[in-house]
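Here the UniProt record's numbering is used: position 69 in the sequence shown is 69, and no number is missing along the way.
C-beta: ideal position from N, C-alpha, C; glycine also.
Keep in mind the model is a prediction, meaning the values are calculated, not measured.
Inspection log for the structure reproduced underneath, given as structure tokens.
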Amino acid sequence: MLAMDYRGPKRVRAVQKPMPEIKHPQDAIVKVLRTCICGSDLHLYNGNVPDTRVGSTFGHEFVGEVVETGAEVTKVKVGDRVIVPFNIACGECHFCRQGMFGNCHESNTEATAVGAIFGYSHTAGGFNGGQAEYCRVPYANVGPVIVPEGMDLDDAVLLTDVVPTGYQAAEMAGIQNGDTVVVFGAGPIGIMAARCAWLFGAGRVIIIDQEDYRLDFARNYSYCEAYNFKEMDDPVVFVKKITDWIGADVVIDAVGAEAAGNTMQTITGRKLLLQAGSATALHWAINSVKKGGVVSIVGVYGPTDNLVPIGNVLNKGLTIRANQASVKRLLPRLIQHVQNGVLNPKGLITHRLPLEEVADGYRMFSAKLDNCIKTVLLP
Ligand code: NAD
Ligand code: ZN
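Structure below.
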């Protein structure tokens, strides 16, 4: 089968690989119909995620058709079209039972902090991902959700990550009626978080990025104010000034390690990097939120990145919440939002490429070329 193949930092290609096989009675094999490139894939692409092995296949955003099931799979059958959450979760551990499917205690035998994620290095379990014609889906009774009748697969594929992550960013922020919400990062995640902030009662939503085309997109898609930090002397002062020197009620970090400018650090033992970094967006978030405010982090950082100005967190009495999105927990209500037209995920898609052109897709998304917001790959 054709599959994306990682060769090293900034080097990916499409090659023929062996078909995935059922390895456990609860596995299913899914024929991929749509898959996307995510901002999280750029951390891998840039060589910033520890233990990303050459020869692995990325891709944690995919929908497809079940073509084979293990003996113990009862929740999906051959021929079903499924939304596959990016988290791989057992469904039975202490954390899964609380709906924390992104924090599964069983799925990641590498025993790092995160639960397993499709196509996201051996730090996140070492599973191959869905940027391929076929993918093995473990715990097939737990993750996959059948694509509802009539739902466009372009909407469905964004329900695997972008929609739940943006929604959870707003949910974790604990937005109160009328709150001013600032979102750092106008990638797909920040744009979706800004859009979802309204669903929680925000009174004002402001997004900040450096790419004018993304800011224009966000203004239209998320109905928010949008500003370029390159045109500001100091983004923290900017936010304070437009909030009567109070600060934003809540701030969402939808940037992550890109702004840290350092390599993710790990203590998994395979690699120990101790470069100091300053997580620009995270610092801006902590310093521009009001005293007693909430900072909600969905931007991805490395396992031991030590980036938080903890003194300011203490002195301002802040609440900081952060997590991988728990896709499965959120899917029922988000599917309804899509079906009712409250959310329009496919409106984020700007590019569609055949899987053969995966290298071009990564290059374009990484360099923010051709006004790219979200790219779908078609196997
Ligand atoms: P993206 O790379 O398309 O977008 C990031 C945006 O941040 C870019 O537009 C960039 O110009 C902007 N940016 C860079 N530095 C900035 C700064 N200092 N202030 C404001 N903006 C800045 O990525 P994406 O797909 O939107 O993902 C965003 C982040 O969310 C990534 O870190 C990704 O790994 C993470 N993510 C987390 C989860 C989760 O479950 N927690 C899921 C998906 C993605
Ligand atoms: Zn993603």
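Inter-residue spacing [alpha-carbon to alpha-carbon] between residue i and residue j
{"i": "Lys23", "j": "Thr69", "result": "10 Å"}
{"i": "Thr280", "j": "Asn228", "result": "14 Å"}
{"i": "Val289", "j": "Val237", "result": "11 Å"}
{"i": "Cys196", "j": "Thr35", "result": "23 Å"}
{"i": "Val143", "j": "Val157", "result": "Going by the sequence as given, residue 143 is Gly instead of Val. Roughly 14 Å separates the two Cα atoms."}
{"i": "His60", "j": "Tyr213", "result": "26 Å"}
{"i": "Ala28", "j": "Lys291", "result": "49 Å"}
{"i": "Val342", "j": "Val327", "result": "18 Å"}
{"i": "Arg81", "j": "Thr123", "result": "29 Å"}
{"i": "Ala170", "j": "Lys77", "result": "34 Å"}
{"i": "Cys96", "j": "Lys241", "result": "42 Å"}
{"i": "Gly8", "j": "Val54", "result": "6 Å"}
{"i": "Gly256", "j": "Ile146", "result": "31 Å"}
{"i": "Leu307", "j": "His283", "result": "8 Å"}
{"i": "residue 390", "j": "Pro164", "result": "Nothing about residue 390 can be read from this structure; the chain reaches only from 1 to 379."}
{"i": "Leu355", "j": "Tyr362", "result": "11 Å"}
{"i": "Pro332", "j": "Val162", "result": "15 Å"}
{"i": "Glu357", "j": "Leu42", "result": "16 Å"}
{"i": "Ile178", "j": "Gly102", "result": "The sequence shown places Gly at residue 178, rather than the Ile named in the question. Straight-line Cα distance between these residues: approximately 30 Å."}
{"i": "Leu334", "j": "Val239", "result": "30 Å"}
{"i": "Cys93", "j": "Val67", "result": "28 Å"}
{"i": "Ile189", "j": "Pro148", "result": "23 Å"}
{"i": "Met172", "j": "Leu44", "result": "26 Å"}
{"i": "Leu159", "j": "Phe127", "result": "20 Å"}
{"i": "Gln324", "j": "His105", "result": "14 Å"}
{"i": "Ala367", "j": "Gly119", "result": "21 Å"}
{"i": "Gly39", "j": "Gly185", "result": "11 Å"}
Cut-off 6 Å between Cβ atoms - residues of its own chain near residue i, not counting five sequence neighbours on either side
{"i": "Thr180", "result": "Arg204, Thr243, Ala248, Asp249"}
{"i": "residue 392", "result": "Outside the shown range of the chain (1 to 379) lies residue 392, about which nothing can therefore be said."}
{"i": "Ile297", "result": "Asp253, Ala322"}
{"i": "Ala226", "result": "Ile207, Leu215, Ala218, Arg219"}
{"i": "Ala359", "result": "Val12, Arg13"}
{"i": "Val15", "result": "Asp5"}
{"i": "Ser56", "result": "Tyr6"}
{"i": "Ala193", "result": "Gly166, Ala169, Ala170, Val183, Ile252, Ala254"}
Under 8 Å between C-beta atoms of residue i and residue j
{"i": "Asp348", "j": "Ile252", "result": "According to the sequence displayed, residue 348 carries Leu and not Asp. For Leu348 and Ile252, no; Cβs fall outside 8 Å."}
{"i": "Cys135", "j": "Phe62", "result": "yes"}
{"i": "Glu72", "j": "Pro25", "result": "yes"}
{"i": "Tyr139", "j": "Ile83", "result": "no"}
{"i": "Ser121", "j": "Gly115", "result": "no"}
{"i": "Leu377", "j": "Ile117", "result": "no"}
{"i": "Glu110", "j": "Gly91", "result": "no"}
{"i": "Thr319", "j": "Val294", "result": "yes"}
{"i": "Asn312", "j": "Asn287", "result": "yes"}
{"i": "Met100", "j": "Phe58", "result": "no"}
{"i": "Tyr167", "j": "Leu330", "result": "yes"}
{"i": "Lys10", "j": "Asn46", "result": "yes"}
Own chain partners of residue i with C-beta closer than 7 Å, once the 5 adjacent residues on each side are dropped
{"i": "Arg270", "result": "Below a pLDDT of 50, predicted positions are generally treated as unreliable, and Arg270, at 38, falls in that range; the measurement from the model is reported next regardless. Same-chain partners within the cutoff: Pro50, Asp51."}
{"i": "Asp152", "result": "Lys346"}
{"i": "Val32", "result": "Phe62, Gly64, Gly130, Ala132, Glu133, Tyr134, Cys135, Pro379"}
{"i": "Ile175", "result": "Val181, Ala197, Phe200, Gly201, Ala202, Val250"}
{"i": "Met232", "result": "Phe238"}
Spatial neighbours of residue i in its chain, beta-carbon cut-off 8 Å, leaving aside the 5 residues before and after
{"i": "Pro18", "result": "Met1"}
{"i": "Thr74", "result": "Asn141"}
{"i": "Met364", "result": "His351, Asp370, Cys372, Thr375"}
{"i": "Gln210", "result": "Asn228, Phe229, Lys230"}
Enclosing alpha helix (DSSP H) for residue i [first to last residue]
{"i": "Ser288", "result": "280-288"}
{"i": "Asn220", "result": "212-222"}
{"i": "Lys75", "result": "Taken as a continuous stretch (DSSP letters only), Lys75 belongs to no alpha helix (DSSP H), as it is neither H nor E."}
{"i": "His337", "result": "327-339"}
{"i": "Asn228", "result": "Per DSSP, Asn228 belongs to no alpha helix (DSSP H); it is in the beta strand (DSSP E), 225-228."}
{"i": "Asp155", "result": "153-158"}
{"i": "Lys374", "result": "Taken as a continuous stretch (DSSP letters only), Lys374 belongs to no alpha helix (DSSP H), being part of the beta strand (DSSP E) at 374-378."}
{"i": "Arg363", "result": "358-367"}
CB contact check: residue i to chain D, cutoff 8 Å
{"i": "Asp234", "result": "In the structure shown, chain D cannot be found, because there is only a single protein chain."}
Extent of the continuous beta strand (DSSP E) run through residue i
{"i": "Gln16", "result": "11-16"}
{"i": "Leu2", "result": "2-8"}
{"i": "Pro188", "result": "No beta strand (DSSP E) holds Pro188; the alpha helix (DSSP H) holding it covers 188-197."}
{"i": "Pro164", "result": "Note, Pro164: premise wrong, no beta strand (DSSP E); alpha helix (DSSP H) at 162-172."}
{"i": "Asp209", "result": "204-209"}
{"i": "Leu44", "result": "No beta strand (DSSP E) contains Leu44, which is instead part of the alpha helix (DSSP H) from 39-45."}
{"i": "Phe95", "result": "From DSSP, Phe95 is part of no beta strand (DSSP E); its letter is neither H nor E."}
{"i": "Val181", "result": "180-184"}
{"i": "Arg136", "result": "134-137"}
{"i": "Ile83", "result": "81-84"}
{"i": "Pro235", "result": "No beta strand (DSSP E) contains Pro235, which is instead part of the alpha helix (DSSP H) from 235-241."}
{"i": "Ile310", "result": "From DSSP, Ile310 is part of no beta strand (DSSP E) but of the alpha helix (DSSP H) over 310-316."}
Any residues whose CB sits closer than 6 Å to a heavy atom of the ligand ZN? List them in chain order? Sorted by position in the chain, Cys38, Ser40, His60, Glu61, Phe86, Asp161 make up the residues whose C-beta lies under 6 Å from a heavy atom of the ligand ZN.
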